[in-house]
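Residue numbers (this note's numbering), protein chains in the order written: chain F, 3 to 312; chain Z, 13 to 338. C-beta atoms are modelled at their ideal positions from N, C-alpha and C, and glycine is treated no differently. In this text, all values refer to a predicted model and were calculated from it rather than measured experimentally. Written below as structure tokens is the structure these notes are about.
Here it is as structure tokens:
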């Protein structure tokens with residue numbers, strides 16, 4: 003186990019370096035790198051960029067940028083927002099995005115596993131039908147539509163005064179965006195849990211436990227869930243990536259000052275330093291989350307030697 | 013299975029034959045899903061001469077001042093109402109459907125080619141090639157695809173536009189629009205092959221150990237022949253299933269991109285961009301419901317049908333795999 007963690011931690015910077023180079027190539031090879039200057043960049047910003055990175059060409063920049071990033075934890079200055087450094091932008095918007103994303107993942111996992119389990123236990127009952135409805139909506143309705151409908155609802159008389167509309171002020175304002183964001187991953191989690199729970203419920207050890215007089219409640223939530231939850235765990239990694247994608251659009255609908263808007267804007271404005279900063283931060287987060295999920299896998303199912311066995 | 017057995021016992025008849033065709037026609041999901049997709053596709057394609065013809069009243073960009081934000085009415089062009097520029101929403105939904113489905117199909121094709129190739133190589137060669145490739149797939153899996161899509165789009169689109177300009181391919185679309193479309197297929201396709209690569213690799217790994225492959229090897233068949241004649245045909249089932257399931261997810265991804273303003277360029281419609289126009293027209297004061305409802309309904313109907321079709325195909329072609337593997 004320790005070897006695995008060590009190995010993954012060694013891999014992390016390598017993967018990030020690959021992502022950095024690929025992003026750099028994609029962004030700077032595209033016409034309009036700041037040094038060739040066919041896009042209007044403030045001369046003072048460019049001057050500062052050249053001095054700080056001791057660079058006159060993209061190639062030199064490619065080499066000196068990571069150095070500064072590692073030694074000084076400095077992502078450089080934004081090329082478009084004159085007054086801001088990339089660090090400032092990330093520092094101010096990352097916490098909001100992270101909280102929103104984790105909140106959505108939490109709702110998706112807890113509700114998804116709960117509904118999926120209940121649906122499997124009472125197959126054909128109303129919870130089962132609800133689970134079908136959730137997965138159908140989740141796979142067929144883009145989250146921006148769900149978000150817009152929720153926004154409209156929050157503006158209606160029913161919820162008047164509970165949520166700030168189109169603004170982000172208090173933590174309670176994260177509830178609706180979180181719900182909108184959680185629906186797509188929840189749809190998959192419900193389906194996964196239901197199927198694997200049905201599978202586990204028909205296994206021999208359940209019959210044995212029933213025969214020995216263990217309560218149904220205990221069998222389902224204690225014995226079966228631990229087995230049935232494994233496919234869900236392995237889906238959490240992709241789900242995190244999916245939530246992140248969704249957060250771009252949901253943040254836009256609800257006007258949340260998160261990292262998503264900066265990502266899209268920076269790409270459209272060719273704000274190269276900001277793109278690189280945002281991509282690296284996002285990727286690092288997703289990679290760390292994946293690592294955490296892998297570790298969780300080993301805890302939930304001690305039989306699995308992550309990475310060791312086939 | 014149990015149902016068939018029950019019939020055989022109670023009615024004392026011979027159990028219905030379990031042939032491919034029988035299963036095909038007895039699967040409701042498959043028939044309904046496939047039927048709906050087919051109808052939508054045919055209607056969208058057959059109205060193309062109307063929606064792309066600048067002279068017809070059905071032209072997708074026909075702006076009529078007095079029709080601005082008119083609710084649905086009895087005239088054919090007004091069935092779905094009109095949008096903020098007075099364009100017939102029905103015409104835009106029809107062309108939008110064509111483009112959305114086209115993006116879905118083209119991206120799925122690219123995803124199938126890349127995913128199958130990677131999966132086959134990985135599974136068949138094995139060893140360090142396999143571990144390296146699967147590691148790459150793992151990493152890409154973890155990254156939000158939209159990063160890659162937008163970066164690819166920014167990197168390739170201008171060059172492609174210049175290329176199309178040089179080739180003078182502008183008959184219906186301008187070269188910029190054509191480049192926009194192609195980049196969309198490419199970038200969505202190039203991020204959608206991961207699941208397929210994993211599935212194909214897994215399948216190859218199991219197939220490799222099967223006795224019939226061993227027999228073929230013992231008979232001295234050359235490697236490529238074993239590959240083409242014995243391995244590949246056994247993969248058709250899972251590949252078809254995942255290709256079908258890639259189509260709806262590609263359509264959904266395009267709608268996200270359209271919403272973020274980096275999708276298909278306006279005035280070209282897609283269901284996604286129509287839905288986001290509908291959202292832009294939403295306000296608590298006046299609700300132009302038709303601008304959101306119709307594109308969303310079409311999108312939902314098609315995505316659901318495609319998913320049903322995929323699930324149905326999975327039961328048909330790949331009965332051993334359980335139904336909720338993603």
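By the Cβ test, the stretch 209-217 of chain F is not in contact with the stretch 174-192 of chain F, since fewer than three Cβ pairs between them sit closer than 8 Å. Considering only beta carbons, the part of the stretch 132-146 of chain F lying closer than 7 Å to chain Z consists of 138, 141, 142, 143, 144, 146, in chain order. Around the Cβ of residue 236 (chain Z), a 10 Å sphere holds fewer than 16 other Cβ atoms; the residue is exposed. When DSSP states are grouped into helix, strand and coil, residue 72 (chain Z) belongs to the coil group.
Note that the C-beta distance between residue 224 (chain Z) and residue 247 (chain F) is not below 8 Å. Between residue 280 (chain F) and residue 264 (chain F), the beta carbon gap of about 6 Å places them in contact (Cβ cut-off 8 Å). A straight-line Cα-Cα distance of about 46 Å links residue 142 (chain Z) and residue 291 (chain Z). The count of Cβ pairs closer than 8 Å, one atom from the stretch 160-170 of chain Z and one from the stretch 90-98 of chain Z, stays below three, leaving the stretches out of contact. Per DSSP, the beta-bridge partners of residue 87 (chain F) are F:79. Here residue 300 (chain Z) carries a coil assignment [DSSP, helix/strand/coil]. With a cutoff of 8 Å on beta-carbon distance, residue 132 (chain Z) and residue 212 (chain Z) are scored as near each other. Taking each of Z:151, Z:160, Z:201, Z:136 in turn and checking the Cα distance to residue 240 (chain Z), the smallest one comes out for Z:136. In the structure shown, the three-state DSSP call for residue 112 (chain Z) is helix. Between the alpha carbons of residue 155 (chain F) and residue 128 (chain Z) lies a gap of roughly 45 Å. Relative to the Cα of residue 115 (chain F), the nearest Cα in the group F:138, F:282, F:83, F:222 belongs to F:222. Just measuring C-alpha positions, the residue of F:284, F:294, F:298, F:301 sitting nearest residue 22 (chain F) is F:284.
Residue 92 (chain Z) does not reach chain F, its nearest Cβ partner there being about 17 Å away, counting only Cβ pairs nearer than 7 Å. Residue 197 (chain Z) and residue 123 (chain Z) do not touch by the CB rule: their CB atoms are close to 10 Å apart, not below 8 Å. If you ignore the 5 residues before and after residue 298 (chain F), its C-beta comes within less than 7 Å of the C-beta of 235, all in its own chain and listed in chain order. In the three-state DSSP reduction, residue 288 (chain Z) falls in the helix class (H, G or I). Take the alpha-carbon of residue 266 (chain F) and the one of residue 159 (chain Z): they are about 9 Å apart. When the five nearest sequence neighbours on each side are left out, the beta carbons in the same chain lying within less than 8 Å of the beta carbon of residue 177 (chain Z) are those of 187, in order along the chain.
Within the stretch 254-279 of chain Z, the residues whose Cβ lies closer than 9 Å to some Cβ of chain F are 260, 261, 264, 265, 267, 268, 271, 272, 273, 274, listed in chain order.
Residue pairing by DSSP puts residue 94 (chain Z) in a beta bridge opposite Z:100. Bounds of any alpha helix (DSSP H) do not take in residue 239 (chain Z), whose DSSP letter is neither H nor E. Residue burial is scored here from C-beta neighbours: residue 265 (chain Z) has at least 16 other C-beta atoms within 10 angstroms and is therefore classed as buried. Look at residue 45 (chain Z): its C-beta is not under 8 Å from any C-beta on chain F. For the pair residue 285 (chain Z) and residue 294 (chain Z), the CB atoms are not nearer than the 8 Å cut-off.
With respect to residue 200 (chain Z), residue 262 (chain Z) sits close: the two C-beta atoms are nearer than 8 Å.
Contact between residue 100 (chain Z) and residue 74 (chain Z) holds, with the beta-carbon distance rounding to 7 Å and staying under 8 Å. The beta carbon of residue 185 (chain F) lies closer than 7 Å to those of 139, 140, 145, 148 in the same chain, with the five residues before and after it left out.
Excluding sequence positions up to five before and after residue 206 (chain Z), its CB lies within less than 8 Å of the CB of 127, 149, 152, 153, all in the same chain and listed in chain order.
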